[in-house]
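Read through the structure below, which is laid out as structure tokens, and then see the notes.
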Amino acid sequence: MITKEYFKKLYLDKFQSMHGKEIAEATPMDQYLTLGAVIRDFISRKWIASNNAYAKMDDKETYYFSLEFLLGKLMDANLLKLHLKEICAEALTELGIQLDQIEALEPDAGLGNGGLGRLAACFLDSLAALQLPGHGCGIRYKYGFFEQKIVDGYQVELPDNWLKYGNVWEIRKADKAVEVRFGGNVRLDRVDGRTLFIHENFDPVLAVPYDTPIVGYRNNTVNTLRLWSAETTMKDFDFSTFNRGDYLNAVKYKYEVESISQVLYPDDNHLEGRVLRLKQQYFFVSAGIQSIVRRYKKRHIHLRDFHKKVAIHINDTHPVLAIPELMRILIDEEEMGWDEAWEITTGTISYTNHTILPEALEKWPIDIFQTLLPRIYMIVHEINERFCRQLWEKYPGDWNKIRSMAILSDGYVHMAHLAAVGSNSINGVAKIHTEILKSQVMSNFYDSYPHKFNNKTNGITPRRWLLKSNPQLSRLISDTIGPDWLYDSRKLQLLVDYVRDSAFQDRIHGIKQHNKALLTAFIKDKYQISIDPDSIFDIQVKRIHAYKRQILNVLHIMDLYNRLLENPNLEIHPRTFIFGGKAAPSYYMAKQTIKLINTVAAVINQDTRIHGKLKVIFLENYNVSLGEKIFPAADVSEQISTASKEASGTGNMKFMMNGAITIGTLDGANIEIKEEVGEDNIVIFGLTADQVLKYYQEGGYNAWDLYHEDGRLKMVLDQLINGFLPVGPDEFRGIYEGFLYHNDEYFVLKDFSSYVEAHNKINRLYQDKEKWVQMSIHNIAHSGKFSSDKTISEYARDIWNIHPVPIPNNPLF
Ligand code: 26V
1 MITKEYFKKL YLDKFQSMHG KEIAEATPMD QYLTLGAVIR DFISRKWIAS
51 NNAYAKMDDK ETYYFSLEFL LGKLMDANLL KLHLKEICAE ALTELGIQLD
101 QIEALEPDAG LGNGGLGRLA ACFLDSLAAL QLPGHGCGIR YKYGFFEQKI
151 VDGYQVELPD NWLKYGNVWE IRKADKAVEV RFGGNVRLDR VDGRTLFIHE
201 NFDPVLAVPY DTPIVGYRNN TVNTLRLWSA ETTMKDFDFS TFNRGDYLNA
251 VKYKYEVESI SQVLYPDDNH LEGRVLRLKQ QYFFVSAGIQ SIVRRYKKRH
301 IHLRDFHKKV AIHINDTHPV LAIPELMRIL IDEEEMGWDE AWEITTGTIS
351 YTNHTILPEA LEKWPIDIFQ TLLPRIYMIV HEINERFCRQ LWEKYPGDWN
401 KIRSMAILSD GYVHMAHLAA VGSNSINGVA KIHTEILKSQ VMSNFYDSYP
451 HKFNNKTNGI TPRRWLLKSN PQLSRLISDT IGPDWLYDSR KLQLLVDYVR
501 DSAFQDRIHG IKQHNKALLT AFIKDKYQIS IDPDSIFDIQ VKRIHAYKRQ
551 ILNVLHIMDL YNRLLENPNL EIHPRTFIFG GKAAPSYYMA KQTIKLINTV
601 AAVINQDTRI HGKLKVIFLE NYNVSLGEKI FPAADVSEQI STASKEASGT
651 GNMKFMMNGA ITIGTLDGAN IEIKEEVGED NIVIFGLTAD QVLKYYQEGG
701 YNAWDLYHED GRLKMVLDQL INGFLPVGPD EFRGIYEGFL YHNDEYFVLK
751 DFSSYVEAHN KINRLYQDKE KWVQMSIHNI AHSGKFSSDK TISEYARDIW
801 NIHPVPIPNN PLF
């Protein structure tokens with residue numbers, strides 16, 4: 001074990017060698033960078049040992065390909081995993097440095113939009129915790145997800161320059177760079193009876209990898225997240241163009257190349273068909289696969305066994321070009337025949353679908369695709385031909401069926417179809433989502449390949465979402481049932497024995513109040529708004545999207561406000577409604593939703609007539625680090641999407657693990673949360689998925705009827721446009737018309753009354769303090785089912801066929 005004195009020495013030595021000045025002159029950023037370097041040294045030893053073990057072993061490795069990895073901050077998480085946090089904090093205190101103050105300087109690694117990107121980060125955490133050989137592959141965006149500011153109630157986007165002060169966790173591996181080729185043409189040649197496909201006149205892009213260590217929890221495993229950055233190849237930039245004297249074009253070319261890894265697209269569940277995004281997709285997929293094949297060949301195993309040693313998982317369809325790219329390398333570079341290459345490729349690739357929203361299903365115009373990726377297009381074309389021939393044999397003459405399943409149809413490349421045909425596994429992310437995939441969205445593919453379909457309900461890492469974010473609750477759990485829950489989350493169930501233990505209940509209640517006080521202080525400090533820490537903290541944090549129905553939440557708040565104005569003595573427990581989330585910059589309705597929340601908040605928060613019984617807060621710039629402050633402080637978790645629309649949700653799991661009670665629809669993983677905690681420990685309302693789907697298929701829904709039947713509902717809808725809110729008369733007309741003139745696509749009005757009832761129930765339940773805390777304990781105790789360790793064990797067993805590789809202590813150090 002390392003001593004405090006030794007840690008101090010490491011720190012001081014490192015400071016001197018990095019900064020060449022007296023420690024007394026250190027800026028906070030110097031202190032942060034020094035500590036980062038010290039921690040990195042600890043990690044490096046394990047990283048080398050892990051890489052050596054993986055290079056020598058004969059077993060399979062997995063690669064998780066994702067356009068997004070939403071890691072958040074790493075310093076505190078790494079200290080916890082290395083078991084160095086206490087020693088480090090003590091050592092730094094003696095040097096006059098506050099650990100939490102310098103940790104706060106670290107920017108969030110915000111390389112993701114929301115659920116899909118954070119899931120990828122939780123999965124990497126679990127792979128390393130379970131000692132599984134599994135790595136990430138993605139893009140090193142220079143600018144991550146935009147920073148959100150609220151100005152006059154509106155969202156304003158600012159660039160997220162997260163690399164401004166460098167990144168202590170990454171290592172640039174210039175020697176491992178590869179070339180990725182865009183554009184040009186393909187010339188056919190015949191040599192020795194073989195057709196050669198020669199890609200020429202292409203634009204080369206250099207892909208340079210930056211590796212970030214992914215540290216296992218108190219084991220010796222350190223896996224790798226490899227993120228690719230786009231650069232110009234020296235030869236093209238410096239020597240050819242530049243030397244011909246065409247300086248301006250040389251600089252323009254460099255700018256265009258670097259733009260590939262410049263910025264994360266801030267779209268979530270909505271496709272904006274920009275060619276740069278397609279470039280990003282092929283860029284990292286090609287680089288990733290080239291480097292995997294290169295590494296594989298060093299192991300001197302025959303390529304025919306590739307799929308027995310390598311699994312590649314694609315996180316949604318964004319990396320689906322992994323399929324034709326692996327085919328290209330096997331056929332064009334390794335001279336393999338089509339059939340063998342196809343067997344290897346389909347044996348290697350597995351696919352997760354994360355959404356059924358039609359506007360998020362990726363498709364690219366064929367002309368754009370073909371121009372950008374001529375050789376890849378030829379391969380996709382051939383895959384499509386062969387697939388359609390099979391379909392023709394199965395469904396002779398049924399052109400409609402074939403057209404609905406083809407990879408190329410109606411002028412588009414359908415990415416989900418390519419994923420379904422070219423992979424060995426297709427999974428949804430919660431039970432209901434997988435069922436909807438099988439019965440609706442991909443039912444034709446399910447008929448053809450039933451064996452490929454399986455469910456893997458999402459999960460979250462308890463290391464970040466409990467141990468790191470809620471240290472008091474973690475300590476109480478360890479004191480009560482022992483520390484094993486951090487290795488085996490199912491052990492949390494042991495807490496059920498303490499549901500009726502009044503001393504335990506008191507401590508759970510005390511911790512919740514402590515966390516609420518912290519959030520109260522944060523809000524006071526940042527917004528100068530006082531909220532009541534004894535009020536019910538009712539929280540909805542997630543991307544802003546019509547299907548997630550933040551507006552349903554707002555309409556209920558407006559109704560509650562109206563009731564309070566009508567009857568100032570109304571018996572309600574004081575409520576604080578908290579929102580957070582970003583809207584896609586081009587998504588008008590989502591941005592108007594933010595304006596509406598802020599407008600309603602401004603009206604309610606300054607109204608003294610309601611005696612502070614109601615407060616509404618919109619927390620700016622919701623991200624991983626803000627989430628870590630929010631989840632531990634929540635009493636109520638809002639999970640109110642239109643049933644069938646939310647594939648899983650993972651915020652719901654983070655709230656649950658921190659003891660909040662869910663108010664939610666029977667959608668996504670809410671259904672499984674209900675199965676785990678039992679219906680007494682969750683509040684469910686609204687239409688079911690079957691009812692929603694039936695309305696879509698058969699019609700019969702009329703929003704005007706509800707408007708006329710329900711006076712309270714009519715009142716809040718009218719308040720959107722009748723001057724009740726201090727905005728111009730047309731500010732919220734779009735929202736109003738969406739409900740009434742476009743027949744309320746997401747059934748907000750339909751679910752309104754049962755939602756109000758559900759909130760009344762929450763109010764009643766909260767009156768009984770003991771009952772409430774018992775519900776809270778049930779939620780914590782059953783949250784183990786939603787640990788990403790469990791999810792990843794299932795992926796490892798059912799899809800990837802990978803096994804733990806215990807890493808020995810590195811004896812050199
Ligand atoms: C899709 C698209 C489509 C085209 C371009 C931009 C873009 C960006 C992101 C996505 C992914 C949308 C899918 C997504 O984020 N799904 C969420 O995945 C979570 C993890 O599985 C799940 O918990 C959420 O319910 C689901 O909405």
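Residue numbers are given in UniProt numbering: position 451 of the sequence shown equals residue 451, and the series is strictly consecutive.
For glycine and all other residues, C-beta sits at the position ideal for the given N, C-alpha and C.
This one's a predicted model, so the numbers in the text were calculated from it and none came from an experiment.
Can you tell me where the alpha helix (DSSP H) holding residue i begins and where it ends?
i, result
"P324", "322 to 328"
"F577", "Here F577 belongs to no alpha helix (DSSP H); instead the beta strand (DSSP E) covers 575 to 580."
"Q774", "769 to 781"
"Y412", "Note, Y412: premise wrong, no alpha helix (DSSP H); beta strand (DSSP E) at 412 to 414."
"G738", "733 to 740"
"A49", "28 to 56"
"D559", "550 to 566"
"I379", "374 to 394"
"K149", "Element bounds for K149: not the alpha helix (DSSP H) but the beta strand (DSSP E), 147 to 151."
State the Cα-Cα distance for the pair residue i and residue j, rounded to the nearest angstrom.
i, j, result
"residue 816", "Y746", "Shown here, the chain extends from 1 to 813; a query on residue 816 therefore has no answer."
"V413", "P568", "60 Å"
"I531", "S469", "21 Å"
"G153", "N167", "33 Å"
"S93", "D479", "The residue asked about is misnamed: residue 93 is Thr in this sequence, not Ser. Computed Cα separation, rounded: 26 Å."
"L326", "I289", "7 Å"
"S291", "L321", "15 Å"
"R609", "R563", "12 Å"
"Y446", "I314", "19 Å"
"E638", "F579", "10 Å"
"L812", "S50", "Only weak support is given to the placement of L812: the predicted model assigns it a pLDDT of 45, under 50, and the value that follows is read from those uncertain coordinates. Each residue's alpha carbon lies about 13 Å from the other."
"I536", "K149", "26 Å"
"P808", "H556", "57 Å"
"D125", "P133", "12 Å"
"A796", "M715", "53 Å"
"D13", "L33", "13 Å"
"I663", "I539", "10 Å"
"R299", "V285", "21 Å"
Where do the N-terminal and C-terminal ends of the beta strand (DSSP E) with residue i fall, by residue?
i, result
"I523", "Looking at the DSSP string, I523 is not in any beta strand (DSSP E); the run it does join, the alpha helix (DSSP H), is 502 to 527."
"Q155", "154 to 158"
"K591", "Counting along the chain, K591 falls outside any beta strand (DSSP E), though it belongs to the alpha helix (DSSP H) covering 588 to 605."
"L227", "222 to 231"
"S788", "That residue, S788, is in no beta strand (DSSP E); its alpha helix (DSSP H) goes 788 to 794."
What does residue i pair with, by DSSP beta-bridge criteria?
i, result
"I436", "For I436, which the question treats as bridged, DSSP gives no partner whatsoever."
"M619", "Looking at the sequence provided, one finds Leu at residue 619 rather than Met. In the DSSP output, where bridge partners are listed per residue, L619 has G580."
"A109", "G72"
"P213", "T224"
To which residues of the same chain is residue i closer than 7 Å at the C-beta, ignoring the five residues directly before and after it?
i, result
"W772", "L765, Y766"
"residue 814", "No information on residue 814 is available, as it lies outside the stretch 1 to 813 that the chain covers here."
Return the chain-ordered list of same chain residues with a C-beta closer than 8 Å to the C-beta of residue i, the five sequence neighbours on each side being excluded.
i, result
"E147", "E157, L158, P159, D160, N621"
"Y395", "K401, I402"
"Q493", "A781, H782, G784"
"L10", "V38, D41"
"D667", "I432, Q639, S641, T642, A643, S644, K645, E646, G649, A689"
"P28", "Q101, I102, L105"
Report yes or no: is there a C-beta of chain D within less than 8 Å of the C-beta of residue i?
i, result
"A643", "Looking for chain D here will not work: only one protein chain is present."
Is residue i buried or exposed, if buried means 16 or more other CB atoms sit within 10 Å of its CB?
i, result
"L565", "exposed"
"D488", "exposed"
"L196", "exposed"
"A77", "buried"
"S425", "buried"
"A55", "exposed"
"residue 827", "What is shown of the chain runs 1 to 813, which leaves residue 827 out entirely."
"M656", "buried"
"M1", "exposed"
"N188", "This sequence places Leu at residue 188; Asn is not what is there. It counts as exposed."
"R464", "buried"
Sorted by chain position, which residues of the same chain lie with C-beta nearer than 6 Å to residue i's C-beta, five sequence neighbours on each side aside?
i, result
"K46", "N220, V222"
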